[in-house]
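J.:
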């Protein structure tokens with residue numbers, strides 16, 4: 004095999020061999036992020052289960068009130084805006100909404116799947132994506148707030164960048180939340196799991212070439 008040093012192809016060919024390792028590490032990271040978050044939610048649900056069993060009135064009433072407000076479209080709301088610059092409040096509102104929607108979705112998914120959620124990797128992958136997106140919104144808002152507080156000349160420019168990022172990320176988060184709760188998507192993931200199992204069992208592609216090659 005020959006290389007052309009002037010174009011840097013030798014480095015590209017060298018790196019191509021390990022790109023798949025990076026992709027695998029990213030998938031594992033997403034799974035780790037999602038399952039770590041599920042542990043926290045699971046602890047909360049177990050505490051609620053104990054409260055119902057032993058009739059802890061304060062916890063039951065508080066949880067019932069929260070779910071009632073949620074049912075009629077009123078959520079407690081994560082008050083992010085008190086921590087960020089006023090210029091960024093519209094973006095902060097999108098982050099707050101995203102956190103609320105995400106919390107509701109995670110609770111519903113964990114109630115539905117329980118411990119078997121670790122086997123639903125198509126779902127946990129997207130939950131990892133949502134978590135990373137939320138973190139990126141927080142990081143952008145935090146950095147830009149610091150720029151305003153320090154009176155950095157580029158603060159307005161940064162706020163416009165943050166606005167674009169948060170609006171697009173909010174749409175992506177909503178899409179992923181809707182997807183993991185969509186019955187058609189769930190059915191597709193089950194079909195993909197079945198197809199993957201067939202390929203692994205055969206240790207090759209399953210379809211036969213139509214021309215018999």
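Residue numbers (our numbering): 4 to 216.
In this text, a Cβ means the ideal position worked out from N, Cα and C, and glycines have one as well.
(1) Take the Cβ of residue 179 as the centre, count every other Cβ of all protein chains shown within 10 Å, and call the residue buried at 16 or more, exposed below.
(2) Measuring only the C-alpha atoms, how far is residue 212 from residue 96?
(3) Below 7 Å CB to CB, which residues in the same chain sit around residue 202 once its five sequence neighbours on both sides are set aside?
(4) Please state the DSSP three-state secondary structure of residue 62.
(5) Compare the Cα-Cα distances from residue 163 to each of 127, 148, 200 and 134 and report the closest residue.
(6) If we define contact as Cβ-Cβ less than 8 Å, is residue 171 a contact residue for chain D?
(7) Can at least three beta-carbon pairs, one atom from the stretch 114-125 and one from the stretch 137-146, be found at a separation below 8 Å?
(8) Below 7 Å CB to CB, which residues in the same chain sit around residue 175 once its five sequence neighbours on both sides are set aside?
(9) DSSP three-state call for residue 107: helix, strand or coil?
(10) Between 94, 99, 84 and 82, which has its C-alpha nearest residue 161's C-alpha?
(11) When you compare only the Cα positions, how much space is there between residue 153 and residue 138?
(12) Threshold first: 4 residues or longer. Then list the alpha helix (DSSP H) segments lying entirely within the stretch 102-154, N to C.
T.: Looking at the coordinates:
(1) Within a 10 Å sphere around the beta-carbon of residue 179 sit 16 or more other beta-carbons, which makes this residue buried.
(2) Taking the straight line from one Cα to the other gives about 54 Å.
(3) Contacts found: 208 and 209.
(4) In this prediction, residue 62 has a pLDDT of 47, which is less than 50 and means its spatial position is unreliable; nothing more can be read from the coordinates.
(5) Ranking 127, 148, 200 and 134 by Cα distance to residue 163 puts 148 first.
(6) Among the protein chains of the structure shown there is no chain D, as only one such chain exists.
(7) In short, these stretches do not touch, since the Cβ pair count stays below three.
(8) The answer, listed in chain order, is 136.
(9) For residue 107, the secondary structure class from DSSP, reduced to helix, strand or coil, is helix.
(10) The residue from 94, 99, 84 and 82 with its alpha-carbon nearest to that of residue 161 is 94.
(11) In a straight line, the C-alpha of residue 153 is about 23 Å away from that of residue 138.
(12) Runs of the alpha helix (DSSP H) inside the stretch 102-154: 124-152.
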